[in-house]
Amino acid sequence: MERACTATSIPRPRPYKSHDAILKAFDLRSTLVTSIFIAKAMKLGSSIGPVHLDVISDGFDEQGFPKGGSSELYLENLEAAGSKTLAELIVKYRSTPYPIDCVIYEPFLHWALDVAKDSGVMGAAFFTQPCVVDYIYYNIQHGLLSLPITSAPVSIPGLPLLESRDMPSFIGVPGSYPAYFKIFLIQTELILINTFYKLEAEAVDTISKVYPTLTIGPTVPSIYLDLRIKDDDYYN
Numbered sequence: 013m014e015r016a017c018t019a020t021s022i023p024r025p026r027p028y029k030s031h032d033a034i035l036k037a038f039d040l041r042s043t044l045v046t047s048i049f050i051a052k053a054m055k056l057g058s059s060i061g062p063v064h065l066d067v068i069s070d071g072f073d074e075q076g077f078p079k080g081g082s083s084e085l086y087l088e089n090l091e092a093a094g095s096k097t098l099a100e101l102i103v104k105y106r107s108t109p110y111p112i113d114c115v116i117y118e119p120f121l122h123w124a125l126d127v128a129k130d131s132g133v134m135g136a137a138f139f140t141q142p143c144v145v146d147y148i149y150y151n152i153q154h155g156l157l158s159l160p161i162t163s164a165p166v167s168i169p170g171l172p173l174l175e176s177r178d179m180p181s182f183i184g185v186p187g188s189y190p191a192y193f194k195i196f197l198i199q200t201e202l203i204l205i206n207t208f209y210k211l212e213a214e215a216v217d218t219i220s221k222v223y224p225t226l227t228i229g230p231t232v233p234s235i236y237l238d239l240r241i242k243d244d245d246y247y248n
């Protein structure tokens, strides 16, 4: 029977194509989830090509997130409203031919894993950045790289020497995106990384010792690779 997966991502101006690319490649039924407000604003239907669409609430259904609001406020509301409505979404699909088997979420939406576990389905964090970026976060989380970075170049085992400008913005620019940095790379059942093993073998091997890891990249359109997915020529 065709299987169902739900990819959850923080609402964006338009659905994030890389989240569904791997599901399409393996011929899995996928449902991409966005916010109620974004779906209304973009006048989205029930699907985009082979990808099904559904919605959860981010707590700002009518007017959207207010201009000038803090990212902390948005994430707090998204967690409160999103947790409830994602759980309801999983329940809704149980009565369809396509019950949800797995919730794929962006790493900073850590609450999606709690919802998945409570609902009896698998949860997987999808890192859309290269594994080397995740490897840098890993080194910080485990105390192998101290913040703030006060001198350059920066030496990280397995990587060339890095200047401050080479570091991810969470790290290279002090104080940038504080709300996201606090909750990045927390506990997860499985991580999916947008890379392939031979490209970043040492970083993948290191991450794999801590988290069950699958490399699923590169998430680029099939037209640039093997043409196995008909009309897959859009890259965001």
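Residues in the sequence shown are numbered from 13 upward in steps of one, following the numbering used here.
For glycine and all other residues, C-beta sits at the position ideal for the given N, C-alpha and C.
Would you tell me roughly how many angstroms separate the C-alpha atoms of residue i and residue j, rounded to the nearest one?
i, j, result
"Gln75", "Ile148", "37 angstroms"
"Val133", "Ala164", "44 angstroms"
"Pro230", "Phe208", "7 angstroms"
"Leu65", "Tyr110", "13 angstroms"
"Gly57", "Ser42", "15 angstroms"
"Lys55", "Gly61", "15 angstroms"
"Asp130", "Pro172", "42 angstroms"
"Thr20", "Val115", "Per-residue confidence for Thr20 stands at a pLDDT of 47, beneath the threshold of 50, marking its modelled position as unreliable; no derived number is given."
"Lys210", "Lys52", "42 angstroms"
"Ala92", "His154", "29 angstroms"
"Phe77", "Asp217", "40 angstroms"
"Lys221", "Leu85", "34 angstroms"
"Lys96", "His122", "14 angstroms"
Please report the residue range of the beta strand (DSSP E) in which residue i lies.
i, result
"Ile112", "Ile112 to Tyr117"
"Ile205", "Ile203 to Ile205"
Use the C-beta contact count for residue i: other C-beta atoms within 10 angstroms, 16 or more gives buried, fewer gives exposed.
i, result
"Val103", "exposed"
"Glu118", "buried"
"Gly81", "exposed"
"Leu87", "buried"
"Gly71", "buried"
"Ser83", "exposed"
"Arg106", "exposed"
"Ala124", "buried"
"Ala137", "buried"
"Ile228", "buried"
"Thr108", "exposed"
According to the Cβ coordinates, are residue i and residue j closer than 8 angstroms?
i, j, result
"Ser181", "Ile161", "no"
"Leu44", "Val63", "yes"
"Ile203", "Phe120", "no"
"Tyr150", "Ile219", "yes"
"Gly135", "Glu201", "yes"
"Val144", "Ala213", "no"
"Leu90", "Val127", "no"
"Ser69", "Ile48", "yes"
"Leu159", "Ile168", "no"
"Ile152", "Ile183", "yes"
I'd like the span of the alpha helix (DSSP H) that includes residue i, first residue to last.
i, result
"Leu226", "Not the alpha helix (DSSP H): Leu226 falls in the beta strand (DSSP E), residues Thr225 to Thr227."
"Val144", "Cys143 to Gln153"
"Gly94", "Ser83 to Arg106"
"Ser220", "Ala213 to Ser220"
Please name the residue or residues paired with residue i in a DSSP beta bridge.
i, result
"Met134", "Cys114"
"Ser59", "His64"
"Val166", "Leu174"
"Phe139", "Ile205"
Please tell me whether residue i has its Cβ less than 8 angstroms away from any Cβ of chain B.
i, result
"Leu156", "No chain B appears in this structure, which consists of one protein chain only."
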